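J.:
There are 6 protein chains.
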Amino acid sequence: MSTVYSPFVNELKEKMEFEGAFLVKVIQLHMDKNGRPYLNLILMDRTGEIEARAWDGASKLAEEVKTQDILKVAGKINVYQGRRQIVVEAAAKVPAGAVQLDRFVPSTVYDVNRLHADMVALFSTLEDPFAKELALLTLNDPEAKPRILRAPAAKTVHHAYAGGLLEHSLSVCRVLDSLAGHYRRYYGKAVSRDLLLIGGLFHDIGKIYELAFERGTEYTMEGQLIGHHVLGCELVDRISARIPNFPEELKLHVKHMILAHHGKLEYGSPKLPHSLEALLVHMVDDLDSKVNTILGFVGADTQSGPWTATNRLFERPFLKPKVKPEFLGKSPGVEG
Amino acid sequence: MSTVYSPFVNELKEKMEFEGAFLVKVIQLHMDKNGRPYLNLILMDRTGEIEARAWDGASKLAEEVKTQDILKVAGKINVYQGRRQIVVEAAAKVPAGAVQLDRFVPSTVYDVNRLHADMVALFSTLEDPFAKELALLTLNDPEAKPRILRAPAAKTVHHAYAGGLLEHSLSVCRVLDSLAGHYRRYYGKAVSRDLLLIGGLFHDIGKIYELAFERGTEYTMEGQLIGHHVLGCELVDRISARIPNFPEELKLHVKHMILAHHGKLEYGSPKLPHSLEALLVHMVDDLDSKVNTILGFVGADTQSGPWTATNRLFERPFLKPKVKPEFLGKSPGVEG
Amino acid sequence: MSTVYSPFVNELKEKMEFEGAFLVKVIQLHMDKNGRPYLNLILMDRTGEIEARAWDGASKLAEEVKTQDILKVAGKINVYQGRRQIVVEAAAKVPAGAVQLDRFVPSTVYDVNRLHADMVALFSTLEDPFAKELALLTLNDPEAKPRILRAPAAKTVHHAYAGGLLEHSLSVCRVLDSLAGHYRRYYGKAVSRDLLLIGGLFHDIGKIYELAFERGTEYTMEGQLIGHHVLGCELVDRISARIPNFPEELKLHVKHMILAHHGKLEYGSPKLPHSLEALLVHMVDDLDSKVNTILGFVGADTQSGPWTATNRLFERPFLKPKVKPEFLGKSPGVEG
Amino acid sequence: MSTVYSPFVNELKEKMEFEGAFLVKVIQLHMDKNGRPYLNLILMDRTGEIEARAWDGASKLAEEVKTQDILKVAGKINVYQGRRQIVVEAAAKVPAGAVQLDRFVPSTVYDVNRLHADMVALFSTLEDPFAKELALLTLNDPEAKPRILRAPAAKTVHHAYAGGLLEHSLSVCRVLDSLAGHYRRYYGKAVSRDLLLIGGLFHDIGKIYELAFERGTEYTMEGQLIGHHVLGCELVDRISARIPNFPEELKLHVKHMILAHHGKLEYGSPKLPHSLEALLVHMVDDLDSKVNTILGFVGADTQSGPWTATNRLFERPFLKPKVKPEFLGKSPGVEG
Amino acid sequence: MSTVYSPFVNELKEKMEFEGAFLVKVIQLHMDKNGRPYLNLILMDRTGEIEARAWDGASKLAEEVKTQDILKVAGKINVYQGRRQIVVEAAAKVPAGAVQLDRFVPSTVYDVNRLHADMVALFSTLEDPFAKELALLTLNDPEAKPRILRAPAAKTVHHAYAGGLLEHSLSVCRVLDSLAGHYRRYYGKAVSRDLLLIGGLFHDIGKIYELAFERGTEYTMEGQLIGHHVLGCELVDRISARIPNFPEELKLHVKHMILAHHGKLEYGSPKLPHSLEALLVHMVDDLDSKVNTILGFVGADTQSGPWTATNRLFERPFLKPKVKPEFLGKSPGVEG
Amino acid sequence: MSTVYSPFVNELKEKMEFEGAFLVKVIQLHMDKNGRPYLNLILMDRTGEIEARAWDGASKLAEEVKTQDILKVAGKINVYQGRRQIVVEAAAKVPAGAVQLDRFVPSTVYDVNRLHADMVALFSTLEDPFAKELALLTLNDPEAKPRILRAPAAKTVHHAYAGGLLEHSLSVCRVLDSLAGHYRRYYGKAVSRDLLLIGGLFHDIGKIYELAFERGTEYTMEGQLIGHHVLGCELVDRISARIPNFPEELKLHVKHMILAHHGKLEYGSPKLPHSLEALLVHMVDDLDSKVNTILGFVGADTQSGPWTATNRLFERPFLKPKVKPEFLGKSPGVEG
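Chains as they are written, first to last, in numbering that gives the first Met the number 0: chain Z, 0 to 335; chain P, 0 to 335; chain D, 0 to 335; chain G, 0 to 335; chain V, 0 to 335; chain E, 0 to 335.
(1) Within the 8 Å Cβ cut-off, does V/L42 reach chain Z?
(2) Mind checking which residues open and close the alpha helix (DSSP H) that includes G/M15?
(3) Rounded to whole angstroms, how far is the Cβ of E/I76 from the Cβ of E/A150, which I believe are closer than 8 Å?
(4) Under a three-way DSSP split, which group does E/K323 fall into?
(5) Name the DSSP bridge partner or partners of E/R52?
(6) So for Z/W263, helix, strand or coil by DSSP?
(7) Tell me which residues share the same chain as D/G298 and place their Cβ nearer than 7 Å to its Cβ, disregarding the 5 neighbours each side in the sequence.
(8) For the alpha helix (DSSP H) that D/F296 lies in, which residues bound it at each end?
(9) Based on DSSP bridge pairs, tell me the residues matched to E/F71.
(10) Whole beta strand (DSSP E) runs in the region 159 to 194 of chain D with 3 or more residues, listed along the chain?
(11) So is D/V87 buried or exposed if we call it buried at 16+ other beta carbons inside 10 Å?
(12) G/P305 versus chain P: which residues are under 8 Å apart at the beta carbon?
(13) Once DSSP output is grouped into helix, strand and coil, what is the label at G/A61?
(14) Could you tell me whether the Cβ of G/P269 comes closer than 8 Å to any Cβ of chain V?
(15) Alpha carbon to alpha carbon, how far is D/L286 from P/E247? Give it in angstroms, no decimals.
(16) Helix, strand or coil, according to DSSP, for P/Y218 in the structure here?
(17) Give me the Cβ distance between Z/A259 and Z/T216, rounded to the nearest whole Å; I'm assuming they're in contact under 8 Å.
(18) Output the distance between the C-alpha atoms of V/F17 and V/N9, rounded to the nearest integer angstrom.
(19) Interface residues of chain V around E/F317 at Cβ under 8 Å?
(20) Measure the Cβ-Cβ separation of V/H167 and V/T292 and say whether it is below 8 Å.
(21) Just tell me which of Z/R82, Z/Q67, Z/W54 and Z/S58 has its CA closest to the CA of Z/A73.
(22) What are the start and end residues of the alpha helix (DSSP H) that includes E/L138?
(23) Quick check on DSSP: helix, strand or coil for D/H29?
(24) Identify the contact partners of G/H157 in chain V, using a Cβ-Cβ distance below 9 Å as the criterion.
(25) Please identify the residue among G/L318, G/G226 and G/N244 whose C-alpha is closest to the C-alpha of D/L271.
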């Protein structure tokens, strides 16, 4: 069983025969009508998920293979009631370390190190030295940085892929930066660019502890019991404690922007936004996640005609744009 | 009774004696305990409102003076339970035409002709020739233009002053323009700058017919019965009918963005936003009005300490910014 | 393949062998376990829908037959888990024009020309000449009349069949007429019969443009983006423009009744009812659609015992009446 | 102190001097700045309420006069901040029995005995002998009948005057009768006229025990703790127990229509309507009370221009009808 | 076909062969692809439900066996897509009376006669003689007692098993007794122990008539149309009528506590709690049913790891306790 | 000016002349019609608040006296429109330290040291050594203890007096202890007494930092921006950090119970209760505050008849208990 070309899940078509490697999301052993054991599997890579059934060696595989293992598979594609399914002809577990996990988990189209560098550059321009140091210490914290580079922004819905948190946070910061410039021309320095940017960086940062995201995304124990609002505040407490004379009022305001960023109590914020900056961080977070959700949905829609299927989150179909959304993946901060 | 200096309402202080002219908002004749007739008035100019009482010549004034007349007043200021009141010593009606109405109605700090010119310049950059012509014909329509220059954006709440609609619409368009640039770097031309800008211009344009705003702001009959969503659509129908071969689909999309710009049915939109552009127009409209409302409220707050009084619309107090909001009044599109 | 008797969908019973013609609602080509292609279909006529599977000639049929075509079928009925299914033995497309579409789309039990004549007679009794002319011009408008004769009142739920809009509107008008008589005896001419009837005729008229209803009912582009409230107002604008000196206030009131007829903002009305007549039009529209929905549901229920199954719209079962609902189909305006 | 003409509350104008008799709604003794005792009163008759102040003999009156007594008053009318007030010059309590209470409590414009006779005539036409007997026994029950003749339909809002319950119930029954005729022409005998009429008669009947209405309307102890839904069911149990072989199912359905007549749980109905008749009784009850509320409000409105003031219940102003509502007071069942 | 050991539903494992007896919950005759008739069944006993399929003698069984019959079955267990299914090899109906129904309906782990005796003992301690007699007469009423011993507390959700109503009511009474003691130490005799206990006993008692529970639980006609709130009040009326001089006010308060025990109108209470006791009865009812629901759900959960599956009623997963819930079944009133 | 007897606010009656000392809640200088300056004050002590007016020396007092100062006053009581008012004859500021603040702020009827000792005794019985140490370290923490002894449980509504937090928390713990005993007899050790008690102690503890309560109760900056949920978690982090090997999971569960104790997101909890203990802590917190609120309200009600006035929080009147609520003030843990 040798692989010349290993297709991705989104490339598998009806009747295609192929060999490939996938992450095991679900594995169950059943008995068919004739008493033969077979495996029901859900396999995934970064392009999607697919069901699979295996008869040969099912019992042995069931003992060897567990959820989150990598499985090498030879098979062909059947379509049943519009759903594709792999009929497995041969399968074997791939030893840990023998593969790059990147292939199996969806991730941002951007280079996360470039996103991180852009973020550091942006926060180097803050005026308030304490706000600047809080941001840079956090971005470069040896414990936090690897998580910041890899965390998704959510389990599902928006930016739900590796690096999605950083992609989303940078986009939010850039929109806030632009709003700061815009409204300072109207209302003067009552609009604080420093607070807006700090709010953009920290609003979702608790998600690096709320979610476990090595192979698929799950809530951690502290994520489920405490949540990313409070986990973000705890991070601010920890990092700011390292900065001598860090102003109490700045710390409270940053924590307030984190706690208030869902905008309403019923969306999980224990505090309503009590400052213009807290409100804008909430609104831009909301706007950026909706843009990403809608364009991802519209881009993936396969329905013919001018309308997409009904989006379950928005409870409506969308009118398709004339030009299909792309995910450009060049650093969006740079023109051209 | 000659006026050396005529103070504005917001300049009237306890015990001050003065002469000045004001717009009559309310006028009522009463009898005091001793059977003497007196007038209860609410007077206003563009800086605010104040109560007034007049005994001398009350009956005669009651016959001559009506709501929305201009009244010249000599008097002094009393404060009762924290509320200022004019004790009128002499008063006389000012003939129509003898005064500039601008003094009596609050208005934008910007030069509305400059705002209009900025708007025209912005829409001259559209790519789609039909969208561009629809915008420019509307902005320069001889019937609509005077109303566009003068309409407030609302009866109360946000940009509730002469020229407020134009100030608000231009600000919304600029933010949308900036978002178009931002998200096109992420997702390509699926995000339509032309549609976003057209949506920004037309979303509230029905307000030029929904509101009557010569001397104070009231709903018109069509405003109350039909509302600015539908009145805006009718304007689009009228203007686009003058443009040969105007594409039906573009007209539907513009009308859709108008109808959907309140974002939810329960806020008066008969349609939910069904395109990314309709959603963004709604979100930026919401954001821009909230920024204006909050900074106006924070700027006017007189409470001591770090918190404002409770804002009734937002049902919360706001943390005051370190720098008090100004209303700069230079064209915000120009740096410096 | 010759048809002696062609049964309707609601006449197909387990094991029955038959020949018949149906409208194709869904058609999909699949491959079975043995690699044989087969068709999954949903077929319909005016009495209901049924699934079908075809093996013989599946690939060829898949190329020739499309959604909304008419298909002649020979087959027999299987029941699987309580659901009937046609096992197709032979099938052929019927040429366009060779069949009466009436057989395939559910429609009102009434003669629509009779309903139309009744409507015209009713509106000939209006007192206000402008209101009367608006109604009669609309009912007889060469572009609108064919649509008025054929439109359903909704895609699903109430009066969701050809002619349903006219049946519903006439019933609403008659109830409003009766209420006008009743309440004028209590409160005098403050209750306007003319306005009530005009409201009854026009409240849903935008549906003739909101829905496409030739073969099944779908939303049109303007239906989805603009909706029948605003489309109805546009019709009133168009027709009233043909009537010299049509009073502005009457036009506003008619458009207001259309916009307000869903009664609440969250049900899609951009305006609350601001007159007694607008409120009554809303309430009677609601009442008439509920009566039709419930009696249709109760009449179709097959559950044994005194209760129907749970109705999904009303979220409750209904107590069955002692007498089963009939759909009489004689002109309900005439006794006997 | 002799009265030539005794004006009603709604006839009292500024500066008018008069003598008259009123029901005491509120009476409180206070001390003024100079230590003189005075009385604050609210006085009423069937046309409205008015404040009053009395200095002479205040202490003595305070001892003699209680809430719900009748007070003879000589005085004149002052207006303060737009509110009329009686300045009492002399006052004396009127002995119980010396006056007709009708003068002091608002009541229906109809002859309640005529309304009752119309109701009896209507229910004599029922087909089902048990339903007919239940209705007629109730209408003529020696304990219930005097309460039925006098009860208001509510403490405030709709038909809130003596005889209002009977006026409202008869109007509801007539509308239901008309709907029964209408929909039986469409759907046959599945629509039960008997049930609709019985529902119309009994839906609010518990109010004869929920409210105490001799001199003003208050909740009784059982009204407050149990409510008119359950009190109505108890009445049905009591009366039906006197009818041999009364069918259990009919009794359950009548009680169900009573319990469900507010239409939704959150409006105080412990059951949703589970039959067409229960739903129609709810809808017509709602419709009839709204018509009465709106026309009463519009008729009493004093604001100039085409709009009424904002109605607090409906949270909106109403467009005034061209003809002002009258309360005709002839038996509405009879033409001419 | 003889049974050595008859397993319960919750003991049936994949591939197991067995004989046993079950209650028939659903029975349907179908035809397979080859035209062979077979039965689809849902069988149950007090430990759960399971699907079954039978081919041999299917037609004959379909004629003989009905819902709620007891069926003796020989078969084996298949697992398909994680769901167990009985493949029936032989089956025969068991004559009525030949079996103890207890085996087939889930029931409380307590001895219901012991629960009843505890209840009687508790109410013998009431101070108010009328309250005490009302309770004891009800508990020992020959018509009500057998229903009280057997009724479940609900069709699904909490204490949904035979005797569940009595188990729940006693637990509620005990918690209320403990709260009475607690708060009387704080606030004195303003907290009435008698009322609290009476409220605990009667709040749900209408369920003995709302539900039919011989073989499975269904709503009765009066349950569906009237509901247990009103049915409970009717019981109080009937029993209290037997007690001479029963105080009207006590009767109203007991009925009020019954009507108000769901706490909010939208949960089906036609009255809000208007006394401390009515509120506490509601809150403890709510608390006791939630404890039972959650511990039953947690105890039955089979998911690995620290979290249960998502509970549909609470819309969340629960953190599992360190010790798994038991259902002890000894009389909880007795220590040790 | 010497004081023989100094009455409390709730002892001041119409026309009474007195001398006494009060806390200044509001102080404002105004000018009367004749140009004389006078002071408007709101004065308070622990029994209530009262308005006051002072003419003599008003300007001088206005300079010397500030909010939260203690003022010695000689005056007499006037009643105007049912409201008492002090007419001040002489007044002087009392030097800080010259008075016991206890007289001026309402406080619990219990000895707070006794409440604290009871709390310590209760938590000494915990089984889990870490939970026990966390509780005892917190109760005896030198920084926290003085705040725990003095904090109210809320700014208004329930237990809104000094020591109210401790009184409330102890009562909640006792009810939870009793529920633990009760339900462990039903369901075994799945119900954790240790967790319930820890939840009862810590659920509101963040209020010692959320509120400032030296002279009246106000929100602190961290209270307003962060809130007592998160402030409580931070306290748990600080104290548990002092305990070696404190289990992470226990810490998470305690913080979870704090965050979830408002029960719903819309009530300010960022997490729903995800364990039985978290839910019970929420429910008992709710129950105990409602009992205190209602009995305080009923005890203070002055309306005649069986009903209280309408309670604004509960939006209803309450039926008065036969025995008026007392606030006993002996340690409620001890019988007799």
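From the three backbone atoms N, C-alpha and C, an ideal C-beta is built for every residue, glycine too. The model shown is predicted, which means the values in this text are computed figures rather than measured ones.
T.: Walking through what the data contain:
(1) no
(2) Careful: G/M15 lies outside any alpha helix (DSSP H) and carries neither H nor E.
(3) In fact, because the Cβ distance is near 33 Å, the residues do not count as touching under 8 Å.
(4) coil
(5) E/N39 and E/V86
(6) Going by the sequence as given, residue 263 of chain Z is Lys instead of Trp. Coil at Z/K263, not helix or strand.
(7) K323 and P324
(8) L275 to A299
(9) Rather than Phe, the amino acid found at residue 71 of chain E in this sequence is Lys. According to DSSP, E/K71 bridges with E/A20 and E/A91.
(10) none
(11) buried
(12) M220
(13) helix
(14) yes
(15) 36 Å
(16) strand
(17) With a Cβ gap of about 25 Å, Z/A259 and Z/T216 do not count as contacting.
(18) 13 Å
(19) H273, S274 and L275
(20) no
(21) Z/W54
(22) P128 to L138
(23) strand
(24) Residues of chain V passing the Cβ test: none, with the nearest at roughly 20 Å.
(25) G/L318
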